[in-house]
Amino acid sequence: MEYVFDIASWLLLIAGGVFVFIGGVGALRMPDFYMRMHAASLTDTLGTILVLLGIALQAGLSLAAIKLAAIMVFLLLTSPTAAYALANAARLSGLAPERRIADEGGT
Amino acid sequence: MVTLFGVFLLTLLVITAIGIMRAQHLFVAVMLSGIFSLQMAAIFFILDAADVALTEAAVGAGVATVLMLGALALTDDRERGPKRHRWAPVAVVTLTTLMVIYATFDKPRLGDPSAPVHQHVAPWYLEETPRLIDVPNVVTAILASFRGYDTLGELFVIFTAGIGVLFLLTNPSKEGALSLLRSAEAEGLRHHLVPRIVGRLVVPFIVLFGLYVQFHGDYGPGGGFQAGALISAGFILYALLEGEGRALQVTPVRLLRGMIAGGALLFVGVGLAGMLLGGNFLDYSILADSPIAGQHLGILLVELGVGFTVTGTLLTVFHAFAAREQRS
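Chains A and B, in that order, are what the protein sequence lines are.
Positions -8 to 98 (our numbering) are the ones given, in order, by the first sequence.
Positions 5 to 332 (our numbering) are the ones given, in order, by the second sequence.
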C-alpha cells in the first residue's frame, strides 16, 4: 500500500514539475504579453497544486496534510485572481494583444 | 541537498540584486525587491530561522512592497539619469566586499557545534527555558522575556518611525474634511468584481491567521511583529479593494494612533507593574502566583503590545501615503 502512495505521489510531483517547466518556457518564449502571462499562470495553479498534492500524499493523514490543503485552497483562490488582475491592468493601460496573432486565431 | 538549495537561492538572490541595480523603471525595482525579500525568507527558513523567515516574508515581501508602491505613486517612477561621480561608491563597495570576504575566512562552518555562538549564552537559554519559562518556542522566550529590554527598544524604534512618518506626511488641519471627501471619492477597485469578491473571501482568513500567529508565538514561530505585519496586510488589502474611505471607517485614524501609543504603553506598563509588585523592570515572574504563570502572562501581554504597535504603525503609514496620493 505504501508503494502505491509513493508512486502516486512521485507521479504527481513529476507532473507538477513538468507543468512548472512548461509554464517557465512559455513565459519566456510566447510572442505577446497575454500569452506569456497565460503560460506563467499555469505554474501557480496546475503546477503548484500538483506538487502540493504530491507532498500531501507523502505527508499522509497528518496536520501537515491539512495545512497543505489550506494552502492549496488559498492558491486556488488567489492565483487566478492575480492573473486576472494582471491581465485586466494590462488591458486597461492600453496594451493590445499582438495583431498578427489575433487575426490568425480569428479566422 | 540543503547546501544545494542554499547555493541555488543565493545565486538567485545575486541575480535579483543585479536586476534591482540595473532596473531603470522604479516599479520594476520595487517588484524585484519584493522578490528579493521572498528569497531571503526562503534562505532564513533553510537556516532554521522560521521566526525571522515569517517576519521577512510578511514585512519585506508584503507590506514593504505596498508601501514602496505608495511612495512611487507620489513621486516619479523613472530613475534620474546616472550621476557623474561614481568612483567613490565603487571604491567603498569594493573595499567592503574585500573586507567581508576576508572576514569569512575566520567564520566557523555552518552548524559547527564549537562555534562561538553556540558556546556563549545560547546553551544556557536552551537549558533554562523549560525550567524558568516553560514555552516550547525558545525564540519567543528569549525575545519577550530574557531579552525583553531589546524588544522594548525595537518596539520604540517602530513607534518612533511611525511618529516620524505622521509628522512628515499628515496635515492635521484638513483631515476631518478630507476623510469625508475621500469616502465619496475613493472607490478602490470596487468596480472590479473578481478581485473584490475573492479579496472579501480571503481578508478574514488573513486576519485570522495573523491572530493565530499572535497567540501561537509561545508554541511555534510567530509573535507580535509577524502578527502585526500579517493583520495590517489584511487591512491594506481591504483598503486597496474597497477604497480608502471604507477602510478608514473600519479602522479610524484615531484608533490607529491609539494602537501605536497603546501598544508601547502596554509593554512599558507590564514592566512597571513588575516594579510595583516588588520585582525588577520587565520581570514577569511576580505577575501571577507562580513564576511560570507570571512569565506566560507577561509574554502574552508584551507580545500583544508589540502586535498593537506594529499593526497601528504599518496601517498609519499606509494611510498617510494613500491620503497624499488623493490630495495631489
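Positions of the beta carbon are idealized from the N, C-alpha and C atoms, including for glycine.
Check	Outcome
Could you check whether the Cβ of residue 25 (chain A) sits closer than 8 Å to any Cβ belonging to chain B?	no
Whole angstroms is fine: what's the gap from residue 281 (chain B)'s alpha carbon to residue 155 (chain B)'s?	22 Å
Against chain B, with Cβ distances strictly below 8 Å, would residue 68 (chain A) count as a contact?	yes
With 8 Å as the threshold, decide whether the Cβ of residue 72 (chain A) is near any Cβ in chain B.	yes
So, residue 316 (chain B) versus residue 263 (chain B), is the Cβ gap smaller than 8 Å?	yes
Using three-state DSSP, classify residue 189 (chain B) as helix, strand or coil.	The pLDDT assigned to residue 189 (chain B) is 45, lower than 50, so where the model puts this residue is not dependable, and the model offers no usable value.
Going by Cα to Cα distance, which pick from B:233, B:118, B:284, B:171 is closest to residue 56 (chain B)?	B:233
Consult DSSP for residue 122 (chain B) and reduce its assignment to one of helix, strand or coil.	helix
Measure how close the beta-carbons of residue 314 (chain B) and residue 249 (chain B) come, nearest whole angstrom, since I'm counting them as under 8 Å.	Actually they do not touch by this definition, with Cβ atoms about 24 Å apart.
Take residue 258 (chain B) and list the residues in its own chain whose beta-carbon comes closer than 8 Å to its own, dropping the five residues that flank it on each side.	none
Would DSSP call residue 90 (chain B) helix, strand or coil?	coil
Measure the CB-CB distance between residue 83 (chain A) and residue 24 (chain A) and report whether it falls below 8 Å.	no
Who pairs with residue 29 (chain B) in a beta bridge, going by DSSP?	B:82
Does any residue of chain A have a CB that is nearer than 8 Å to the CB of residue 29 (chain B)?	no
Quick one: list the residues of chain A neighbouring residue 122 (chain B), beta-carbon separation under 8 Å, in chain order.	Here the premise fails: no neighbours, minimum Cβ distance about 29 Å.
Please confirm whether residue -6 (chain A) has its beta-carbon closer than 8 Å to some beta-carbon of chain B.	no
I believe residue 82 (chain B) touches residue 28 (chain B) by the beta-carbon criterion, under 8 Å. Please report the beta-carbon distance rounded to the nearest angstrom.	7 Å
I'd like to know if residue 47 (chain A) contacts chain B, where contact means its C-beta is closer than 8 Å to some C-beta of that chain.	no
Name the chain A residues whose beta carbon is nearer than 8 Å to that of residue 199 (chain B)?	72, 75, 76
Can you list the alpha helix (DSSP H) stretches of 4 or more residues lying completely in the stretch 190 to 235 of chain B, in chain order?	197 to 219
Could you name the residues of chain A that residue 142 (chain B) contacts, counting a contact when the two beta carbons are closer than 9 Å?	Neighbours of residue 142 (chain B) on chain A: none; closest Cβ ~21 Å, over 9 Å.
Should residue 180 (chain B) go down as buried or exposed, given a rule of 16 or more other Cβ atoms within 10 Å for buried?	Note that residue 180 (chain B) scores 49 on pLDDT, short of 50, meaning its location in the model is unreliable and no value can be drawn from it.
Which of the three DSSP states is assigned to residue 334 (chain B) in this structure?	One cannot answer for residue 334 (chain B) here, as it falls past the ends of chain B, which runs 5 to 332.
Whose C-alpha, out of B:143, B:9, B:119, B:279, is nearest the C-alpha of residue 44 (chain B)?	B:9
Would you say residue 196 (chain B) lies against chain A (beta-carbon separation less than 8 Å)?	yes
Which ranges would you report for the beta strand (DSSP E) in the stretch 114 to 169 of chain B if only whole runs of at least 3 residues count?	none
Rank A:28, A:1, A:-1, A:43 by C-alpha distance to the C-alpha of residue 88 (chain A) and give the top, closest one.	A:28
Quick one: measure Cβ to Cβ for residue 13 (chain B) and residue 46 (chain B), integer angstroms, because I've assumed they're closer than 8 Å.	6 Å
What span of residues does the alpha helix (DSSP H) with residue 62 (chain B) cover, start to end?	Taken as a continuous stretch (DSSP letters only), residue 62 (chain B) belongs to no alpha helix (DSSP H), as it is neither H nor E.
For residue 289 (chain B), which residues of its own chain have a beta-carbon under 7 Å away from its beta-carbon, when the five flanking residues on both sides are left out?	283, 295, 298, 299
Listing by chain order, which chain A residues have their CB less than 9 Å from the CB of residue 161 (chain B)?	Simply none; closest approach about 32 Å.
Can you find the residues in the same chain that come closer than 6 Å, C-beta to C-beta, to residue 218 (chain B), ignoring five residues on each side of it along the sequence?	231, 311
Within the 8 Å Cβ cut-off, does residue 202 (chain B) reach chain A?	yes
Can you name the residues of chain A whose CB is closer than 8 Å to the CB of residue 206 (chain B)?	65, 68, 69
In angstroms with no decimal places, state the Cα-to-Cα distance between residue 75 (chain B) and residue 206 (chain B).	26 Å
Below 8 Å CB to CB, which residues in the same chain sit around residue 3 (chain A) once its five sequence neighbours on both sides are set aside?	41, 42, 44, 45, 48
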